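A.B. asks: One structure, pasted below without further comment.
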Amino acid sequence: MEDGSSISSILKNGVPETDKLVWSSKGSYKTERPWGLYKILVLLGSLGFFIFGMKLMSEGLQQTAGGGLRKILSTMTRNRYLGVLSGFLITAIVQSSSATTVMTVSFVNAGLLTLLESAGVMMGANIGTTITGWLVSLFGFKISLSSYALIFIALGAPLMFMAKKNLKGWANAIIGFAILFMGLGFLKDAVPDLDADSSIVHFFTQFSDSPFLGRIAFVLLGTLVTVVVQSSSAAMALTLTLVLKGIIPFEVGAAMILGENIGTTITAELASLVGNVHAKRSARIHSMFNVVGVVWMIFLMPFFLDFVIWVTTSWFGMEPFLDEAGKTINGAGATIGLSAFHTAFNLMNVLLLIGFVPLLVKIAERTVKSKGEDDEVFKLEYIAGGITSTPELSLLEAKKEVAKFGELTFKMHNKAFDLINESDSKKRNKLIKKLTKYEDITDRLETEIANYLGNVSASKLSEESSSELRSMLSITNDLERIGDIYFEIAKSIEKKSDSKLWFDQKQRDNLNDLMKEVEIAFNQMLENLNGKYSDIEMDKARMMEIAINELRDKIRKKHLKSMEKKEYNAQSGLIYSNIFASIERVGDHIINVSEAASGINLN
1 MEDGSSISSI LKNGVPETDK LVWSSKGSYK TERPWGLYKI LVLLGSLGFF IFGMKLMSEG
61 LQQTAGGGLR KILSTMTRNR YLGVLSGFLI TAIVQSSSAT TVMTVSFVNA GLLTLLESAG
121 VMMGANIGTT ITGWLVSLFG FKISLSSYAL IFIALGAPLM FMAKKNLKGW ANAIIGFAIL
181 FMGLGFLKDA VPDLDADSSI VHFFTQFSDS PFLGRIAFVL LGTLVTVVVQ SSSAAMALTL
241 TLVLKGIIPF EVGAAMILGE NIGTTITAEL ASLVGNVHAK RSARIHSMFN VVGVVWMIFL
301 MPFFLDFVIW VTTSWFGMEP FLDEAGKTIN GAGATIGLSA FHTAFNLMNV LLLIGFVPLL
361 VKIAERTVKS KGEDDEVFKL EYIAGGITST PELSLLEAKK EVAKFGELTF KMHNKAFDLI
421 NESDSKKRNK LIKKLTKYED ITDRLETEIA NYLGNVSASK LSEESSSELR SMLSITNDLE
481 RIGDIYFEIA KSIEKKSDSK LWFDQKQRDN LNDLMKEVEI AFNQMLENLN GKYSDIEMDK
541 ARMMEIAINE LRDKIRKKHL KSMEKKEYNA QSGLIYSNIF ASIERVGDHI INVSEAASGI
601 NLN
């Protein structure tokens, strides 16, 4: 029916069932289409409201349980099966597979997870994300939670003004939960009810005329929707709503859900772009796992859907269809069926592919090439598997990890040495980036080693073992501080370069001489860390500390004289002074490491 239809035309031809009559000010009837621009904007706004609620809830839960989630990820990933469990738990808690995959990629980037371990976590995240579909199907559509949303907001709002971060996290989670279901209510209302004869419904039902090509087309559509909204949960909610209203058939909804499984991998791929080769490989494994799963399901979908329909009917007593031909959708039953399909597919995919994880890792390594040192990663080598059956053996493993930590700080020393003498801006920026990355790793290593030693301390230890444990805790603290100092030196040199300031040859020579003295002390420290703590000779270490202090004092005197004579820029002189003072502080921490290892000053 065209706009501006006359009354006689309506009386003669009747009103199409899909149109709504609206009386216009011009004295004629107009039709209001179910899918006008206004309706589409309302639909997009409802979806945006849902995404905002999901994001707020997820961030609140991460803020509340962040430490626990990181602990799960770092301890429950000893093998791929535990990795699946940890991925499922984390995603079920935060209600965001994207958050889990991004966290996993960052752990791989820092060297705290291997590719094999990360694969299990991402598989588990795929299962965990299906919880959202069940929440929407069982509660979002059946119970009008949106009517209780203001009550949830009233409960959560006071917590926003609390001083404790934990309570603020709960406030975000509760308010986000309320907004999420308000958005779902708006989404449900924004999608109009259409008759089976509607042209939109007819377009989607043509899917059954060419099932295989139709499946592929709607898989691609589901992928596109997820990429656009950047949330597989939001795409899932939209799909379930369209099925509930009878706009898309059950089979189309299933195909779109498969596409959403591919679309969600984009988040991990984007997160890996700023990471090293290991992070990129981890994201690639996630993508391959999801794509392979979708490929085999496209071929087996008719049989799998029959199984899902049987499960939905037998277990939930709700049939997805109102007629035997499977043409008329039972909205509530169909949404339950799609949630069951989503869960069953991801479970089956994990069971089928978990044995092929080593193969997926090999393919990822071949397709994502390493760039050499740029992609170097420093990872836990000796304590990644958790504590052993005997505390003494656990301490021995921790001692090896601490020695390796010392080697990392020596690498930072060498990079800082190169940075002081580098004049090429590109190479300088590369060295600064490398030192920044190493500093982040030292922070994580200190935390991981301290947590490991904390677990060991719960066991019954001999007096000698207890002393060694205290030594290692003190050593890791000093090594982490060395990492911080070299990062500070890198930032000072970056500031100098940005300000177009330069050191003269005398300044560089003085810094190089001091760095060489520290290098000698480093070699002694590494020798002490790799040897028996009780056999450490402190005389050499003390002599080196004295030599560093004396050279620092000599450089300071020269510097003050040069400043008096105005031989160089005052700002340049200040940066220079900060750098040689920082290098001397490294020497202080080096002697602290040797003293802690030998048992001095532990009390």
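Numbering (our numbering), first residue to last: 1 to 603.
Don't be surprised by glycine CBs; every beta carbon is placed ideally from N, CA and C.
Everything numeric in this text was worked out from a predicted model, so none of it was measured.
In angstroms, rounded to a whole number, what distance separates the CA positions of residue 433 and residue 556?
C.D. replies: Going by the C-alpha atoms only, they are around 29 angstroms apart.
A.B. asks: Under the rule that 16 or more other beta-carbon atoms within 10 Å means buried, what is residue 160, buried or exposed?
C.D. replies: The residue in question, residue 160, is exposed, as its Cβ has fewer than 16 Cβ neighbours within 10 Å.
A.B. asks: Please say whether residue 568 and residue 509 have beta carbons closer to each other than 8 angstroms?
C.D. replies: No, the Cβ-Cβ distance between residue 509 and residue 568 is not below 8 angstroms.
A.B. asks: Assuming residue 128 contacts residue 91 (C-beta within less than 8 angstroms), just tell me the rounded distance between them.
C.D. replies: Contact flag correct, Cβ pair sits at about 3 angstroms.
A.B. asks: Report the rounded CA-to-CA distance for residue 196 versus residue 246, giving the unit in angstroms.
C.D. replies: Low local confidence applies: a pLDDT of 48 at residue 196 is under 50, so the model's placement there is unreliable, with the coordinate-based value given in what follows. Each residue's alpha carbon lies about 8 angstroms from the other.
A.B. asks: Going by the beta-carbon positions, is the gap between residue 453 and residue 473 smaller than 8 angstroms?
C.D. replies: Contact: yes.
A.B. asks: When burial is assigned at 16 or more other CB atoms within 10 Å of the CB, is residue 462 buried or exposed?
C.D. replies: It is exposed - the Cβ of residue 462 has fewer than 16 other Cβ atoms within 10 Å.
A.B. asks: Expressed to the nearest angstrom, what Euclidean distance is found between the alpha-carbon atoms of residue 597 and residue 440?
C.D. replies: Near 24 angstroms, if we compare the C-alpha coordinates of residue 440 and residue 597.
A.B. asks: Give me the residue from 479, 316, 467 with the minimum Cα distance to residue 405.
C.D. replies: Checking every option, the nearest Cα to that of residue 405 belongs to 479.
A.B. asks: Taking just the CA atoms, how far does residue 419 sit from residue 580?
C.D. replies: Near 14 angstroms, if we compare the C-alpha coordinates of residue 419 and residue 580.
A.B. asks: Please confirm whether residue 486 and residue 416 have their CB atoms less than 8 angstroms apart.
C.D. replies: Yes, these two residues count as a Cβ contact at 8 angstroms.
A.B. asks: Give me the residue from 288, 225, 286, 276 with the minimum Cα distance to residue 257.
C.D. replies: The candidate whose alpha carbon is nearest that of residue 257 is 225.
A.B. asks: Apply the 10 Å Cβ neighbour rule to residue 166 and answer buried if 16 or more other Cβ atoms are within range, or exposed otherwise.
C.D. replies: Under this definition residue 166 is an exposed residue.
A.B. asks: Give me the Cβ distance between residue 185 and residue 53, rounded to the nearest whole Å; I'm assuming they're in contact under 8 angstroms.
C.D. replies: Contact flag wrong, Cβ pair sits at about 11 angstroms.
A.B. asks: Tell me the rounded alpha-carbon separation between residue 60 and residue 554.
C.D. replies: Cα to Cα, residue 60 sits roughly 54 angstroms from residue 554.
A.B. asks: If you run the structure through DSSP and keep just helix, strand and coil, what is residue 537?
C.D. replies: In this structure, residue 537 counts as coil in the three-state DSSP scheme.
A.B. asks: List in chain order: all unbroken alpha helix (DSSP H) runs of 4+ residues lying wholly within the segment 515-570.
C.D. replies: As far as the segment 515-570 is concerned, its whole alpha helix (DSSP H) runs of at least 4 residues are 538-564.
A.B. asks: Rounded to the nearest angstrom, what separates residue 47 and residue 178 at their Cα positions?
C.D. replies: Using only the alpha carbons, I get a separation of about 14 angstroms.
A.B. asks: Do you know whose CA, among 295, 338, 289, lies nearest residue 307's CA?
C.D. replies: With distances taken between Cα atoms, residue 307 lies closest to 338.
A.B. asks: Do you know offhand how far residue 358's Cα is from residue 116's?
C.D. replies: Between residue 358 and residue 116, the C-alpha separation is close to 7 angstroms.
A.B. asks: Rounded to a whole number of angstroms, what is the C-alpha to C-alpha distance between residue 587 and residue 273?
C.D. replies: Their Cα atoms are separated by approximately 37 angstroms.
A.B. asks: I believe residue 51 touches residue 229 by the beta-carbon criterion, under 8 angstroms. Please report the beta-carbon distance rounded to the nearest angstrom.
C.D. replies: About 6 angstroms separates the two Cβ atoms, so the contact holds.
A.B. asks: Using the Cα positions of residue 352 and residue 367, report the straight-line distance between them to the nearest angstrom.
C.D. replies: Roughly 22 angstroms separates the two Cα atoms.
A.B. asks: Between residue 514 and residue 552, how many whole angstroms is the CB-CB distance? I'm expecting something under 8 angstroms.
C.D. replies: Contact holds; Cβ gap of about 7 angstroms.
A.B. asks: Tell me the rounded alpha-carbon separation between residue 395 and residue 455.
C.D. replies: Going by the C-alpha atoms only, they are around 11 angstroms apart.
A.B. asks: How would you call residue 542, buried or exposed, if buried means at least 16 neighbouring beta carbons within 10 angstroms?
C.D. replies: It is exposed - the Cβ of residue 542 has fewer than 16 other Cβ atoms within 10 Å.
A.B. asks: Could you have a look at residue 370 and say whether DSSP puts it in helix, strand or coil?
C.D. replies: Three-state result, residue 370: coil.
A.B. asks: How would you label residue 173, buried or exposed, when you count the other beta carbons within 10 angstroms and need 16 or more for buried?
C.D. replies: Residue 173 is buried by the Cβ-count criterion.
A.B. asks: Which residues in the same chain as residue 298 place their Cβ atom closer than 6 angstroms to its Cβ, once the five residues preceding and following it in sequence are excluded?
C.D. replies: Correct list, in chain order: 215.
A.B. asks: Rounded to the nearest angstrom, what separates residue 599 and residue 583 at their Cα positions?
C.D. replies: So the two alpha carbons sit approximately 25 angstroms from each other.
A.B. asks: Helix, strand or coil for residue 362 per DSSP?
C.D. replies: Helix at residue 362.
A.B. asks: Apart from the five residues on each side of it in sequence, which residues of its chain come closer than 7 angstroms, Cβ to Cβ, to residue 604?
C.D. replies: Since the displayed the chain opens at 1 and closes at 603, residue 604 lies outside it and no answer follows.
A.B. asks: Sorted by chain position, which residues of the same chain lie with C-beta nearer than 7 angstroms to residue 333's C-beta, five sequence neighbours on each side aside?
C.D. replies: Excluding sequence neighbours, residue 333 sits near 312, 318, 319, 320.
A.B. asks: Output the distance between the C-alpha atoms of residue 430 and residue 38, rounded to the nearest integer angstrom.
C.D. replies: Roughly 51 angstroms separates the two Cα atoms.
A.B. asks: Which first and last residues belong to the alpha helix (DSSP H) in which residue 425 is found?
C.D. replies: First-last of the alpha helix (DSSP H) with residue 425: 425-457.
A.B. asks: Hey, quick one: how far does the alpha helix (DSSP H) through residue 314 stretch, first residue to last?
C.D. replies: 277-316 is the span of the alpha helix (DSSP H), which, as asked, contains residue 314.
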